[in-house]
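Residue numbering for the sequence shown follows the working numbering, starting at 239 and increasing by one per position. A virtual CB, placed ideally from N, CA and C, is assigned to each residue, including glycine.
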Amino acid sequence: MDIAFFTDSYLPTRDGVAVTVDGLARSLTRQGHQVHVYAPHAVRGEPTRESMEGGVRVVRFRSVPVPLYPQYSQPLFSSVLPLWARPAERVLSRADVVHVHSPGFIGSIGFLLARHLHAPLVGTFHTNLGAMQESVPSKWLIPTFFRLAWWYNVGLYWRCNITTAPTEAARSALLAHASKPFRRPIEVIPNGIDLDNFHPGLAVPDWRTRCGLPPRPLVTYLGRLTVDKGVHRFLDAIATAADLTDMVAIVGGTGPEETTVRERIARDARLSERVRYVGPVAEAEKGALLAQSSIFVLPSTSDTASIGMLEAMACGTPCIGPDVGGPAEIVQDGVTGRRVAVQDPAALARAIVTLVDRPEERRRMGENARTFVRTTASIDAMAARVSELYRRLIDPGASPGPSAPG
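So, in structure tokens, the structure goes:
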């Protein structure tokens, strides 16, 4: 099949959407499909260009940084105008299916082009906008902005031929904001990861030595530095746990809270002795950090799913995550990690202390976590389910394809 992806988040900018879209595109390509990805350009001033990346043809539009969040970029309107030219229409008209992965500018362009060309349209709801409200600095804008954003999100996904979500929590969030029933059921297709890049055998280099930390249990936060992702809840919990157990911690990632995180670690003696901020972690080293971690902590209130959590579990690392939302569907409490009320720093600290002090329990949970991911969350299994969905959309009378690989 010829498949066109439209996404407002793509590599080298790293977040769950970008990693998932890239992994899905590559896996579909390995299965013999042709995939075009339309995405923003991550480098300021770079012109629109087309290139091959991992077997995937990627069209990047000239873009500018997003205000308040320069790690992300959005294309200039003039850079996407060529899509409406006849040569571009001929390219897109060959697409068997258009798959929109975000409701932003590029996602909206994909939606409009699919409607214009009468192409089958799939939309995936990746991001729960409402849960991100605490990261918005202008509080007086919140009610109006998020009402409009939800109205637009629901309207776009409602008009897709098929809508998917990575978890039941994401599906429920979208349905809760719809003023009328979706024309077809929203299908839940869990995210997957590339298992070759994440496994216990990657526990080098020695991150403790590199960061000047003693050889103690390592508790890791790795993700965007935003309020809704919970980086401050993590630091609160580590500060409390530091008085109760012997461990060290690493914070990795970048985002609007980076300066505040650095300042907190520097001025709080409990944090400065135990925590190192390592900035963005290169993809080639992420698996090593996760494999060497004793515990991975995700104190997020906004995730519809968690690629970082799946990557940690694939490395045999138990996870502590929220007791609500998409991540709660990934962590089996007491089996692969712990689910806690992450907005309660004391509860989060207790969960950290308990696992730090129980190495045998950590080992058991880590083994269970790895087994869970290997059997349910590979990117190839996800791609098989997505391609089967495409086939059903293109040819409703087609018989089911082969079972998805584990």
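- DSSP lists no bridge partner for residue 364.
- When 529, 563, 446 and 492 are compared, the shortest CA-CA separation from residue 511 is found for 446.
- Around the beta carbon of residue 356, a 10 Å sphere encloses fewer than 16 other beta carbons of the protein chains shown; the residue is thus reported as exposed.
- A straight line joining the alpha-carbon of residue 525 with that of residue 444 spans about 12 Å.
- Boundaries of the alpha helix (DSSP H) around residue 597: 597-614.
- Apart from sequence neighbours up to five positions away, the residues of its chain that approach residue 616 with a beta-carbon distance below 6 Å are 430 and 433, ordered along the chain.
- Across the set 308, 265, 305 and 276, the C-alpha of 265 shows the shortest separation from the C-alpha of residue 293.
- Of all alpha-carbon atoms in 403, 344, 475 and 480, the one lying nearest the alpha-carbon of residue 535 is that of 475.
- The three-state reading of DSSP puts residue 551 in helix, counting H, G and I together.
- Less than 8 Å divides the Cβ of residue 578 from the Cβ of residue 585.
- At the C-beta level, residue 438 and residue 608 come within 8 Å of one another.
- For the options 344, 466 and 582, the alpha carbon positioned closest to that of residue 314 is the one of 344.
- With a 10 Å radius around the Cβ and a threshold of 16 neighbouring Cβ atoms, residue 245 comes out buried.
- Its chain contains 460, 461, 462, 463 and 518 as the residues whose beta carbon lies nearer than 7 Å to that of residue 491, once the 5 sequence neighbours on both sides are disregarded; these appear in chain order.
- Linking residue 451 to residue 504 through their CA atoms gives a straight-line distance of about 15 Å.
- Rounded to the nearest angstrom, the Cβ distance from residue 473 to residue 509 is 6 Å, consistent with a contact under 8 Å.
- Nearest to residue 529 by alpha-carbon distance, out of 557, 570, 258 and 465, is 557.
- For the 8 Å CB-CB criterion, residue 426 and residue 409 form a contact.
- DSSP, read as helix, strand or coil, puts residue 411 in helix.
- A straight line joining the alpha-carbon of residue 436 with that of residue 396 spans about 36 Å.
- In this chain, the alpha helix (DSSP H) harbouring residue 620 covers 617-632.
- As DSSP reads the structure, residue 288 sits in a beta bridge with 297.
- Boundaries of the alpha helix (DSSP H) around residue 510: 507-510.
- Just measuring C-alpha positions, the residue of 533, 465, 500 and 407 sitting nearest residue 487 is 533.
- Contact between residue 587 and residue 478 holds, with the beta-carbon distance rounding to 4 Å and staying under 8 Å.
- Taken in chain order, the whole beta strand (DSSP E) runs of length 3 or more contained in the stretch 555-589 are 557-560 and 575-578.
- Annotation for residue 454: 484, 485 and 486 place their beta carbon closer than 6 Å to its own, counting only its chain and skipping 5 residues before and after.
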